[in-house]
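Scroll down for the structure; my scribbles are underneath it.
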Amino acid sequence: KNQVEQSPQSLIILEGKNCTLQCNYTVSPFSNLRWYKQDTGRGPVSLTIMTFSENTKSNGRYTATLDADTKQSSLHITASQLSDSASYICVVTELNDYKLSFGAGTTVTVRA
Amino acid sequence: EAGVAQSPRYKIIEKRQSVAFWCNPISGHATLYWYQQILGQGPKLLIQFQNNGVVDDSQLPKDRFSAERLKGVDSTLKIQPAKLEDSAVYLCASSFRETGGETQYFGPGTRLLVL
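Protein sequence lines correspond, in order, to chains A and B. Add 90 to a position in the first sequence, counting from 1, and you land on the number used in this note's numbering. Add 364 to a position in the second sequence, counting from 1, and you land on the number used in this note's numbering.
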């Protein structure tokens, strides 16, 4: 069964600090990996998408990396803001049938 | 561009009652998804439609859950009868096509509490 494991489960950081979220997956064959941001009470919103050949992708203060050989991805948040408080979900798409495998998410809390 | 609309936003029912959720996808999006998201977990796909046809309903508990997308636009998801473990957020998402490269756009979800 394809799995997506995220760590840590939750973290608290001070405003202005950086943090890195991890995503390990076993999905194979692999099509792409997305990071979604889900604010409390809202649906997930896509931040980045990376295919097999891409190592890094940025979206403002969010930078995602991908190592397809080790099946690992990370999401780095730079100079965190209060509005970054949310759950960040890693989603991996299987190549053949485009099935999505969702991680459980990492809950980030940014404090002033 | 209007996003994915869902209603109601919140629903509280007693176990064994019935409930229905409604979703209006982004205009022109052929693919529609219903997900169940239990607190602290990632979304789990319940059913995927391509236009008005079902593509994947392998994880839909068909003894109590049903969904339809009669005209290939709006969709409804029904639970009858509800159980305590059905308490979750039900997310609707849509995408332009059914391919791995397409971004899914999610609605705000319907938060269901079964007492």
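Think of the CB as a built atom: it goes at the ideal place given N, C-alpha and C, for glycine as much as any other residue. The model shown is predicted, which means the values in this text are computed figures rather than measured ones.
Kindly confirm or deny that the stretch 368-376 of chain B and the stretch 173-184 of chain A touch, where touching means at least three C-beta pairs closer than 8 Å. no
Going by the DSSP bridge assignment, what does A/SER191 pair with across the sheet? A/VAL182
Among A/LYS189, A/GLY195, A/GLU105, A/SER173, the one whose alpha carbon lies nearest that of A/SER121: A/LYS189
Under 7 Å by beta carbon: chain A residues contacting B/GLY406: Within 7 Å Cβ-Cβ: ILE179, PHE192, GLY193, ALA194, GLY195.
Would you kindly report the start and end of the unbroken beta strand (DSSP E) that includes B/SER439? That run of the beta strand (DSSP E) goes 439-443.
In chain order, what residues of the same chain lie with their CB nearer than 6 Å to the CB of A/THR183, ignoring the 5 residues before and after it? SER121, ASN122, LEU190
Among A/LEU172, A/THR168, A/SER164, A/VAL200, nearest to A/TYR115 - alpha-carbon criterion: A/SER164
Within 8 Å of any Cβ in chain A, is that where the Cβ of B/PHE429 sits? No, no contact with chain A.
Hey, does A/PRO119 have any beta-carbon neighbour from chain B nearer than 8 Å? no
Using the three-state DSSP reduction, which class does B/GLU432 fall into: helix, strand or coil? In the structure shown, the three-state DSSP call for B/GLU432 is strand.
B/LEU476: which of B/GLU466, B/SER458, B/ALA446, B/GLN468 sits nearest, CA to CA? B/ALA446
At 8 Å on the CB atoms, spell out the chain A contacts of B/GLY471, in chain order. GLY133
At what residues does the beta strand (DSSP E) containing A/PHE120 begin and finish? Taken as a continuous stretch (DSSP letters only), the beta strand (DSSP E) holding A/PHE120 covers 120-128.
Can you tell which of B/GLY392, B/ILE377, B/PHE385, B/GLN405 has the C-alpha that lies nearest to the C-alpha of B/TRP398? B/PHE385
Classify A/SER173 as helix, strand or coil using the three-state DSSP reduction. helix
Using the DSSP secondary-structure output, state which residues sit across from A/GLU95 in a beta bridge. A/ASN114
With 9 Å as the C-beta to C-beta threshold (strictly closer), list the residues of the stretch 131-157 of chain A near chain B in chain order. GLY131, ARG132, GLY133, PRO134, VAL135, SER136, ILE139, THR141
Could you tell me how far apart the beta carbons of A/ALA154 and A/THR141 are, in whole angstroms, since I believe they sit closer than 8 Å? So it is not a contact: roughly 12 Å between Cβ atoms.
Where do the ends of the beta strand (DSSP E) carrying B/VAL383 lie? From DSSP, the beta strand (DSSP E) with B/VAL383 extends over 383-388.
Beta-carbon contacts of A/ASN108 that lie in its chain and below 6 Å, excluding the five residues immediately before and after: THR168
So, under 8 Å CB-CB, B/ILE390 and B/GLY404 are touching, yes? Tell me the CB distance rounded to an integer number of Å. With a Cβ gap of about 28 Å, B/ILE390 and B/GLY404 do not count as contacting.
So B/GLN414 and B/LYS408 are in contact, right, with Cβ under 8 Å, and what is the actual spacing, rounded? Incorrect: roughly 19 Å between the Cβ atoms, too far for contact.
A/ALA194 versus B/PRO425, B/GLY406, B/ILE411, B/LYS379, residue with shortest Cα-Cα distance: B/GLY406
Do we get a CB-CB distance below 8 Å when we pair B/LEU455 with the residues of chain D? Looking for chain D here will not work: the only protein chains present are A and B.
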